[in-house]
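The structure under discussion appears below in the form of structure tokens.
In this note's numbering, the protein residues as written are 78 to 475.
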């Protein structure tokens with residue numbers, strides 16, 4: 078079967094599922110046409126569905142069905158030996174997944190069954206759900222570092238879909254916690270929400286290890302993985318201690334990188350005064366803000382500032398700013414950039430207090446233009462203003 082015919086056959090199955098077809102028939106259709114299928118073929122077909130107009134939010138449901146239909150028939154490529162090294166980002170992901178699986182299969186679900194039999198395991202269930210909720214760190218690391226890496230190499234559909242599913246799983250775990258923490262717990266309701274959340278978590282583990290990681294492995298280089306490794310501490314880990322250090326064997330650059338310190342004699346003249354590049358770099362990194370500059374083509378060009386507000390990834394540099402946001406938040410971001418491009422706005426601001434942070438954030442977006450009004454890009458300035466809001470009286474002494 079030619080590549081084109083294989084792709085058409087996969088699309089036919091996905092269209093069947095999309096239009097409400099039953100799982101058994103979809104599985105039979107697949108087994109009739111294929112022995113095995115490559116991960117890239119599945120994701121290319123899903124990308125084609127989105128191109129044809131399927132809303133990425135709708136494909137979140139279909140994603141689970143796709144995984145079930147193809148499960149057991151995905152071609153297994155030889156695994157990168159680096160992934161077995163403790164400290165490598167993939168080793169860390171799989172270690173967390175192993176602990177999460179054990180939490181569900183060896184603790185949460187057995188304790189749920191015991192509770193259904195009248196045994197007092199509710200306290201343990203509550204703690205196990207609390208532990209499971211820390212999967213947020215696992216997902217945020219993936220969303221912060223791995224999704225930008227995929228987008229960097231043009232793998233755009235899977236991250237878009239998976240991010241939405243991650244959010245759904247977070248919501249399912251919160252729902253399970255709410256039910257478990259009630260004064261009068263309904264056993265049937267608890268059984269339903271925990272089993273649903275557990276199923277989705279285990280399905281995501283399959284997607285991460287059998288679909289996402291092999292897909293990234295086909296394109297990522299050692300420097301990409303090194304960026305991912307260096308960014309892990311921004312968020313932390315799920316149910317494991319901080320992993321061992323891991324250093325990749327980066328290719329030697331004969332010329333060597335141009336360090337800012339080597340350009341001390343290179344001065345930039347401003348309207349009032351001048352700075353050399355070393356001074357400018359030090360000043361930018363000292364500012365009590367998180368800075369992001371998005372160029373005139375809406376591509377992420379720069380991260381800076383001395384404040385760690387939102388985790389970010391070097392792998393996002395060069396990516397579309399829209400790929401750095403969830404499907405839910407993207408319409409607002411699109412409105413901001415549309416207003417800047419059209420010259421309708423030059424500054425937009427927001428302030429709010431995220432529940433998880435418990436800090437008040439002040440976000441400002443500035444349209445950057447040249448002397449003739451030509452749009453050069455957008456500067457995002459994020460600041461934690463909690464301390465500023467709490468200032469009282471005056472301070473005039475050292």
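Yeah, the Cβ is synthetic: ideal placement off N, Cα and C, and Gly gets one too.
Asked	Found
Inspect the CB distances between the stretch 210-220 and the stretch 301-319 and report whether three or more fall short of 8 Å.	yes
To the nearest angstrom, how far is it from the Cα of residue 363 to the Cα of residue 200?	47 Å
Using a Cβ-Cβ cut-off of 6 Å (strictly less than) and excluding sequence neighbours within five positions of residue 460, which residues of its own chain qualify?	366, 439
Can you look up residue 467 in the DSSP assignment and give me helix, strand or coil?	coil
Would you call the stretch 259-271 and the stretch 295-310 touching, i.e. three or more CB-CB distances under 8 Å?	no
Just tell me which of 387, 449, 419 has its CA closest to the CA of residue 431.	387
Let me know if residue 436 comes out buried or exposed under the rule of 16 or more other beta-carbons within 10 Å of its beta-carbon.	exposed
Quick test of your reading: residue 319 and residue 341, contact by CB under 8 Å. State the CB separation rounded to the nearest angstrom.	Contact doesn't hold; Cβ gap of about 36 Å is too wide.
Going by Cα to Cα distance, which pick from 245, 105, 191, 380 is closest to residue 278?	245
Would you say residue 250 touches the ligand HEM, meaning its beta carbon is less than 7 Å from a heavy atom?	Of ligands this structure carries none, so the ligand HEM is not represented either.
Per DSSP, what are the beta-bridge partners of residue 441 in this structure?	426, 458
Strictly by DSSP, which residues pair up with residue 351?	346
State yes or no: is the beta carbon of residue 194 nearer than 8 Å to at least one beta carbon in chain B?	Considering every chain present, this structure includes no chain B. It has just one protein chain.
Alpha carbon to alpha carbon, how far is residue 160 from residue 322? Give it in angstroms, no decimals.	13 Å
Fully enclosed by the stretch 216-273, which beta strand (DSSP E) runs are 3 residues long or longer?	none
What residue does the beta strand (DSSP E) around residue 208 start on, and which one ends it?	From DSSP, residue 208 is part of no beta strand (DSSP E) but of the alpha helix (DSSP H) over 199-210.
The alpha helix (DSSP H) with residue 193 in it runs from where to where?	186-193
How long is the line joining the alpha carbons of residue 475 and residue 204, rounded to whole angstroms?	48 Å
Could you check what DSSP says for residue 369 in three-state terms: helix, strand or coil?	strand
Pull up the CB-CB distance for residue 170 and residue 280, whole angstroms please, since I reckon it's below 8 Å.	Not confirmed; about 16 Å, so no contact.
By how many angstroms is the C-alpha of residue 357 removed from the C-alpha of residue 82?	56 Å
For the stretch 389-399 against the stretch 216-235, do three or more pairs of beta-carbon atoms, one drawn from each stretch, fall closer than 8 Å, so that the two count as touching?	yes
Compute the Euclidean distance between the alpha carbons of residue 398 and residue 373, then round it to the nearest angstrom.	11 Å
Would you tell me roughly how many angstroms separate the C-alpha atoms of residue 385 and residue 442, rounded to the nearest one?	17 Å
Would you tell me roughly how many angstroms separate the C-alpha atoms of residue 344 and residue 350, rounded to the nearest one?	10 Å
So, for residue 422: in the same chain, excluding its five sequence neighbours on each side, which residues have a beta-carbon less than 6 Å away from its beta-carbon?	416
Can you give me the Cβ contacts of residue 426 inside the same chain, cut-off strictly under 8 Å, excluding the 5 residues immediately before and after it?	439, 440, 441, 442
Do you know offhand how far residue 190's Cα is from residue 174's?	22 Å
By how many angstroms is the C-alpha of residue 468 removed from the C-alpha of residue 368?	24 Å
Taking the alpha helix (DSSP H) that residue 303 falls in, what are its first and last residues?	299-308
Can you tell me whether residue 332 is buried or exposed? The criterion is at least 16 other CB atoms within 10 Å of its CB, across all chains shown.	Confidence at residue 332 is low in this model, with a pLDDT of 45, below 50, so its placement is unreliable and no value can be given for it.
Residue 376 by DSSP, collapsed to three states: which one?	strand
Alpha carbon to alpha carbon, what distance is there between residue 378 and residue 444?	15 Å
Going by DSSP, what residues sit across from residue 452 in a beta bridge?	446
Taking the DSSP output, what are the residues bridged to residue 397?	376
Looking at the unbroken alpha helix (DSSP H) that takes in residue 390, where does it start and where does it end?	It is not in any alpha helix (DSSP H) - residue 390 carries neither H nor E in the DSSP assignment.
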